[in-house]
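Take the sequence shown: its letter number 27 is residue 27 in full-length UniProt numbering, and every next letter is one higher. See structure below.
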Amino acid sequence: MDSEGIQYALHAVPRRFRKKAVAMPTLPWTTVEEPAPGAEAFVMASRLEVRRFADVPRFFLRSLATWKQVKSAPGAFGASLVAEPLKRTFWTLSAWEDKEALYTYVKTEPHRTIMNGLRSTMSGSVFTFWRTPAGELPVDWADARRRLAEQERADLSNSGGPKAT
C-alpha cells in the first residue's frame with residue numbers, strides 16, 4: 001500500500017464525501033513462504049468491525065503491526081488485508097501450513113496483545129476456516145467473502161438471530 005492509502009485510512013472523512021465511491025486501502029496477497037508441491041493450506045478469512053469511526057485509525061495501525069508479524073511467522077504461506085474505513089470494517093485472508101501454525105501466530109506477540117487490546121473496540125467479527133490445495137493460492141477474495149457470509153448466516157442461525165444492543 002502506498003502512503004496515500006495509509007493517510008486516507010488515518011484521517012476522518014467529511015460526511016459529504018462518505019457516499020462517493022472510494023478505493024479501499026488494500027494490502028495485496030503477499031507470499032511469505034512457498035508451500036511444498038502437493039501441500040495443503042489451512043486458510044482463515046475474517047471480517048472485523050469496530051464500533052466507532054474514531055476506532056478505525058487505531059485498528060488500522062495495529063493491523064499493520066500484525067501484517068508485519070505474518071511476514072516472518074513460521075508456517076505462513078501468505079496473507080492479504082482489505083480495509084473499508086467508511087464501513088468501520090477490515091477483512092483478512094491468510095493461508096498457513098496447518099492449524100497449529102495459525103494458532104501459534106495468534107498467541108505470539110505482538111498479535112496476542114493487539115488482539116486483547118482491541119477487543120473492547122469491536123462491534124462484530126466473523127471467522128471462517130477451510131483447507132485448500134496450496135497450489136491454488138492465493139485464495140480469491142470473492143470466495144473468501146462468500147464463505148464469510150455463509151459462516152455469518154450459520155452463526156446467526158445457531159445463536160437464534162442477531163442480538164439486540
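Even glycine gets a Cβ: it sits at the ideal position worked out from N, Cα and C.
Residue i to residue j span [Cα, whole Å]
{"i": "ASP98", "j": "ARG112", "result": "19 Å"}
{"i": "GLU34", "j": "PRO133", "result": "13 Å"}
{"i": "SER125", "j": "GLU49", "result": "6 Å"}
{"i": "ALA83", "j": "SER63", "result": "10 Å"}
{"i": "HIS11", "j": "LYS87", "result": "Any reading at HIS11 needs caution, since the residue's pLDDT is 46, under 50, leaving its predicted position unreliable; the model's value is listed next. Answer to the nearest angstrom: the Cα atoms are 14 Å apart."}
{"i": "TRP96", "j": "THR104", "result": "11 Å"}
{"i": "ARG153", "j": "GLY38", "result": "33 Å"}
{"i": "PRO85", "j": "ALA36", "result": "36 Å"}
{"i": "ALA21", "j": "THR31", "result": "Model confidence at ALA21 stands at a pLDDT of 45, short of 50, so the residue's coordinates are unreliable and nothing is read from them."}
{"i": "GLU150", "j": "LEU156", "result": "10 Å"}
Residues of its chain near residue i, where Cβ-Cβ distance is below 7 Å and the 5 sequence neighbours each way are ignored
{"i": "PRO28", "result": "SER80"}
Contact set for residue i: own chain, Cβ-Cβ below 6 Å, skip 5 residues either direction
{"i": "ASP55", "result": "THR121"}
{"i": "LEU148", "result": "ALA45, ARG47, VAL126 and THR128"}
Proximity below 8 Å, CB of residue i to CB of residue j
{"i": "ALA101", "j": "GLY75", "result": "yes"}
Inspect the CB distances between the stretch 64 to 77 and the stretch 106 to 120 and report whether three or more fall short of 8 Å.
-> The stretch 64 to 77, when compared against the stretch 106 to 120, does touch it at the 8 Å Cβ threshold.
The stretch 33 to 47 touching the stretch 131 to 145, judged by at least three CB pairs closer than 8 Å | A contact exists between the stretch 33 to 47 and the stretch 131 to 145.
Decide if the stretch 77 to 95 is in contact with the stretch 113 to 122; the criterion is three or more beta carbon pairs, one per stretch, under 8 Å apart.
-> No contact exists between the stretch 77 to 95 and the stretch 113 to 122.
Uninterrupted beta strand (DSSP E) stretches inside the stretch 65 to 112 (no shorter than 3 residues) = Unbroken beta strand (DSSP E) runs of no fewer than 3 residues, entirely contained in the stretch 65 to 112, are found at 76 to 84 and 89 to 96, following chain order.
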